[in-house]
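*Asks:* Okay, here's the structure, questions in a sec.
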Amino acid sequence: MNEHLIAIAGNPNSGKTTLFNALTGARQRVANYPGVTVERKEGSCKANGREVRLVDLPGTYSLTAYSLEELVARNVLLTENPRVVVNIVDASNLERNLYLTVQLFELGIPVVIALNMVDVANGRGIEIDAAELSRKLGAPVVETVARSGNGKDALLAAAVELADKNAAWTPLRISYGPDIDPVLDEMERKILAERFLTGLHPARWTALKYLESDEDVIKKGKEANPDLSSGLEKMADGVAAHLQKTFSAYPEAIIADHRYGFVAALLKSGVVKRKHGADRIYLSDRIDRVLTHRFLGPVIMGFVLYALYYFTFTYSEIPIGWLEDGFAALSGLMESWLPPGHLRSLVTKGIIDGVGGVLGFVPLIVFMFLGIALLEDSGYLARAAFMLDRVFRLFGLHGNSFMAYIVGGGIAGGCAVPAVMATRTLRSSRERLATILTVPFMNCGAKLPVYALLVGAFFSENEARMMLLLTLISWSMAFLAAKLLRSTILKGPSTPFLLELPPYRLPTLRGILIHTWERAWLYIRKAGTILLAVSILFWALMNFPELPESEKAAFDAKREAIVAHLPEDLRAVALEGELPGENLPEEMTEVRGKLLAVDQAQAQAALKGSVAGRMGTALEYVTRFCGFDWRTNVALVGGFAAKEMVVSVLGTAYSMGEVDPEEDASLRELLAKDSAWNPLVALSLILFTMLYVPCVVSVVCLAREAGSWKWGLFSAVFGTSVAFIVAVLVYQGGQLLGIGV
Amino acid sequence: MTDIPLRKMASRQKGVIVRVDAQGELGRRIRDMGLVPGTTVEVQGRAPLKDPVAVRIRDCTLTLRNNEADQILIQLEDKWNE
């Protein structure tokens, strides 16, 4: 046995993930727990010459299995049999953190405690006697500072040492008072006698769960031994009825009180020393008085969001330029390598233009993620949820929906896929469905390239302001849609809003970089895989069927006519399109221009005759009400595969109409000049892109999370209908008023 | 009695939880977050729209909505000292 499985457990905001990152470094991977979509982080490291596998359990306050995260954390401990649990405990918030610790002890699994953030605690005048705590709990306690990595080696060593002992589980026995203890003992005896679920968890723990009326354990119990299970349930009911009469309290409440009592007694007996009274106001509270102030708070929040945009758009411009140049160079290189024909066209027009057009926006996405990670890690996002809960409730949502909206692109630049998964913190299925179905209205990272292109082309003077406006529109649409859903097909009451506001912390550079990288990588990977396939598919759709030979011949004849009067030796050069761009006699420049026009006409005809072109043309009957022509339609159809495709398909569509490689006009300038485009069309397309059917990946994920394909289909139809209505209203309204035409 | 629901507490007012009336899921959630009888609570402030409310307990800050705060009964500190 030379590999240990060690689980890391702890409250949210206790520094769990920071410590996990510090321990495992680059040797980690993220997946999902089988069957559910709770994130599973695993990593490995070496200690004492052993390979150690670490599982970072979802952050939980308790093991009562209130939420899916708690259930998952508990199931890992019960079914995967980690040798040791490393319990990360926030030293500055010890009492509440030890509540989970007590539950781990009750389960009996060997525990090593990481007393984290001792520096913060000391700064607050809280001193903890780690040796005394260790003695009282009968478990190793190691002081750590996850942010700096202090104590991580000692922690790992202690965990491995305990794992090496391979000790049997010894559940902690707490007294729950005279009303519960006798019944608990009797239940334990019965469970032991029949070996009821003893392979899964300790007997006393099973009894405790029956008293706490834990659905998950009772369900398993019913399957294992229905008779005993109903017997235990009856005993639990008896206790409940008695407690109800005497204290008007429930067994689970009494049990929780005794757990806290146990923690309080532990801490009072010389473990914690406070220099200051409890009345001291911490820096974090002072900051909160300003940042969540009734009037200042919302103003500051607006300012923070605006600053995020400004930062993102101003500073990402430079690296975007580099990438664009890089892809242009790569395209040029391929043109010189590959012979003219389908392969060259596939590589340059299909793959490099398609994928490159999207990857070119990676810096923008990275900068946006960087900003969000900063807000998230500093603790500001939780304040935003706090300030906004009342508003969310107005629309039948929950303050926590805010997190899903943010991840989905609430401050622009997220992804609906993790956002849909983030809704799992919502307990009520109605609030959750309403959030899932409206999250795709947010401005995900894939829509940003579309906005950047159109805003850059038509609203370049007001870029940052325009993006803020688009964010406000997407929130409003999501809210209105949520209200509509919650007051029709998803009617029902709201669920509680209990949330911790973590103290403000200066985020670590490492933490932010890891956060940013994880998300940016998700985007890049999507661009690299799905987009590559879709780019190729769309290149094919746009190139086949080819023009009939007769039409090709007609275009060739036109070219022949143009060059007819040139000297013999120049004709071939002109037809090959290899006339130099500069120092041409005037006559030749004219010829060149005419040839170019014919080439463009032929490319246009070819695209229009292709499968994609025919689809786009057929859709014109409907989309002309929004101001879209067939090329936009083709792009929007491509956007169903992934929203980024709207840009790359437009790019392909236009670069095929523009043949001269010397004329390096970017798509942005091209659209700005094109007569079919104006600010009104651009706005109509932006709004349509914002609202219409989510990308294929999102629809699949959404259907899975919502539990039925019905919802996937509903989301597609719902979104597209909303998008169409809005785009038609904007375009027709704008035309009537003569705005932006 | 001087017990009042947490909702009625003013900003910066302090008290001790005497009873949590909520049961089931809400009750469990409230307890898991550390709001159990005997805990000292100080109202730290309210969101711009007066709801939810932020309270400081056991060295950390929690938020809950007013209709949830209704279920938590508080004995005010000043009365307690009388």
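Sequence lines, in order, name chains S and U.
Following the working numbering, the numbering of the first sequence begins with 968 at its first residue and continues without gaps.
Following the working numbering, the numbering of the second sequence begins with 402 at its first residue and continues without gaps.
Don't be surprised by glycine CBs; every beta carbon is placed ideally from N, CA and C.
Does Thr403 (chain U) have its Cβ less than 8 Å from a Cβ in chain S?
*Replies:* no
*Asks:* Mind listing the chain U neighbours of Arg1357 (chain S)? Cutoff is C-beta to C-beta under 9 Å, in chain order.
*Replies:* Ala448, Pro449, Leu450, Lys451, Asp452, Pro453 and Arg466
*Asks:* Flag Pro1265 (chain S) as yes if its beta-carbon sits less than 8 Å from any beta-carbon of chain U, otherwise no.
*Replies:* yes
*Asks:* At 9 Å on the CB atoms, spell out the chain U contacts of Leu1466 (chain S), in chain order.
*Replies:* Met434, Pro453, Leu463, Thr464 and Leu465
*Asks:* Met1354 (chain S) versus chain U: which residues are under 7 Å apart at the beta carbon?
*Replies:* Result: Ala448 and Pro449.
*Asks:* Whole angstroms is fine: what's the gap from Glu426 (chain U)'s alpha carbon to Val997 (chain S)'s?
*Replies:* 30 Å
*Asks:* Whose C-alpha, out of S:Lys1008, S:Pro1001 and S:Leu1065, is nearest the C-alpha of Asp460 (chain U)?
*Replies:* Nearest of S:Lys1008, S:Pro1001 and S:Leu1065 to Asp460 (chain U), Cα basis: S:Leu1065.
*Asks:* Please state whether the Cβ-Cβ distance between Asp1320 (chain S) and Gly1618 (chain S) is less than 8 Å.
*Replies:* yes
*Asks:* So, does the CB of Gly428 (chain U) fall closer than 8 Å to a CB anywhere in chain S?
*Replies:* yes
*Asks:* Determine the extent of the beta strand (DSSP E) in which His971 (chain S) is found, giving its start and end residues.
*Replies:* Segment Glu970 to Gly977, the beta strand (DSSP E) holding His971 (chain S).
*Asks:* With a threshold of 8 Å, are at least 3 pairs of Cβ atoms found where one atom belongs to the segment 1217-1226 of chain S and the other to the segment 414-434 of chain U?
*Replies:* yes
*Asks:* Around the C-beta of Arg1357 (chain S), are 16 or more other C-beta atoms found within 10 angstroms, so that it is buried, or is it exposed?
*Replies:* That one is buried.
*Asks:* Could you tell me which residues DSSP puts in a beta bridge with Lys1240 (chain S)?
*Replies:* Paired residues: S:Glu1094.
*Asks:* Which runs of the alpha helix (DSSP H) fall wholly inside the segment 1328-1359 of chain S and span at least 4 residues, in chain order?
*Replies:* 1329-1345
*Asks:* Beta strand (DSSP E) containing Leu1468 (chain S): first to last residue?
*Replies:* Leu1466 to Leu1468
*Asks:* Quick one: list the residues of chain S neighbouring Glu469 (chain U), beta-carbon separation under 8 Å, in chain order.
*Replies:* Pro1463, Phe1464 and Leu1465
*Asks:* Contact between the segment 1300-1311 of chain S and the segment 1458-1477 of chain S is defined here as three or more beta-carbon pairs at a separation below 8 Å; is this criterion met?
*Replies:* no
*Asks:* For Pro1045 (chain S) and Ala976 (chain S), which I take to be in contact (beta-carbon distance under 8 Å), what is that distance rounded to the nearest angstrom?
*Replies:* Checking the sequence, you will find Leu at residue 1045 (chain S) rather than Pro. The Cβ separation is near 13 Å, so there is no contact.
*Asks:* If the cut is a Cβ gap below 9 Å, which residues of chain U does Glu1219 (chain S) touch?
*Replies:* Gln424, Gly428, Arg429 and Arg432
*Asks:* Does DSSP put Cys1668 (chain S) in a helix, a strand or coil?
*Replies:* helix
*Asks:* Check whether the segment 1037-1056 of chain S and the segment 1070-1090 of chain S are in contact - that is, three or more C-beta pairs closer than 8 Å.
*Replies:* At 8 Å Cβ cutoff, the stretches touch.
*Asks:* I want to verify the contact list: residues of chain S whose CB lies under 7 Å from the CB of Pro438 (chain U), in sequence order.
*Replies:* What Pro438 (chain U) touches in chain S: Asp1224.
*Asks:* Using DSSP with H/G/I as helix, E/B as strand and the rest coil, what is Gly1381 (chain S)?
*Replies:* coil
*Asks:* Find the residues of chain U that neighbour Ser1277 (chain S), judging by a C-beta separation of less than 8 Å, and give them in chain order.
*Replies:* The sequence given here places Tyr at residue 1277 (chain S); Ser does not occur at that position. Here the premise fails: no neighbours, minimum Cβ distance about 24 Å.
*Asks:* Given a threshold of 16 other Cβ atoms within 10 Å of its Cβ, counted over all protein chains shown, does Lys1316 (chain S) qualify as buried or as exposed?
*Replies:* buried
*Asks:* Are at least three pairs of beta-carbons, each pair with one atom in the segment 1464-1476 of chain S and one in the segment 1556-1566 of chain S, less than 8 Å apart?
*Replies:* no
*Asks:* Please check the pair Tyr1372 (chain S) and Val1406 (chain S), which I expect to be a contact at CB under 8 Å, by giving their CB distance rounded to whole angstroms.
*Replies:* 6 Å
*Asks:* Could you tell me the alpha carbon to alpha carbon distance between Ser1142 (chain S) and Arg408 (chain U), rounded to whole angstroms?
*Replies:* 33 Å
*Asks:* Establish whether the CB of Glu1625 (chain S) and some CB of chain U are separated by less than 8 Å.
*Replies:* The predicted position of Glu1625 (chain S) is uncertain, since its pLDDT is 44 and thus under 50; no value can be drawn from it.
*Asks:* Skipping 5 residues on each side, what residues in its chain have a beta carbon closer than 7 Å to that of Leu1638 (chain S)?
*Replies:* Ala1424 and Trp1644
*Asks:* For Arg459 (chain U), go through chain S and note every residue whose CB falls closer than 8 Å to its CB, in chain order.
*Replies:* By Cβ distance, chain S contributes Asn1060, Glu1062 and Arg1063.
*Asks:* In chain order, which alpha helix (DSSP H) runs of at least 4 residues are fully inside the segment 1095-1167 of chain S?
*Replies:* The qualifying runs are 1097-1104, 1119-1132 and 1148-1160.
*Asks:* Give every residue of the same chain whose Cβ lies closer than 6 Å to the Cβ of Leu1734 (chain S), excluding the five residues on either side of it in the sequence, and list them in chain order.
*Replies:* No statement about residue 1734 (chain S) is possible, as the shown extent of chain S runs from 968 to 1708 and does not include it.
*Asks:* Is it true that the CB of Phe1505 (chain S) sits closer than 8 Å to the CB of Val1616 (chain S)?
*Replies:* yes
*Asks:* Roughly how far, in whole angstroms, is the beta-carbon of Val1666 (chain S) from the beta-carbon of Gly1679 (chain S), given that I think they are within contact range, below 8 Å?
*Replies:* 5 Å
*Asks:* Tell me which residues share the same chain as Thr1027 (chain S) and place their Cβ nearer than 6 Å to its Cβ, disregarding the 5 neighbours each side in the sequence.
*Replies:* Glu1036, Glu1037 and Ala1040
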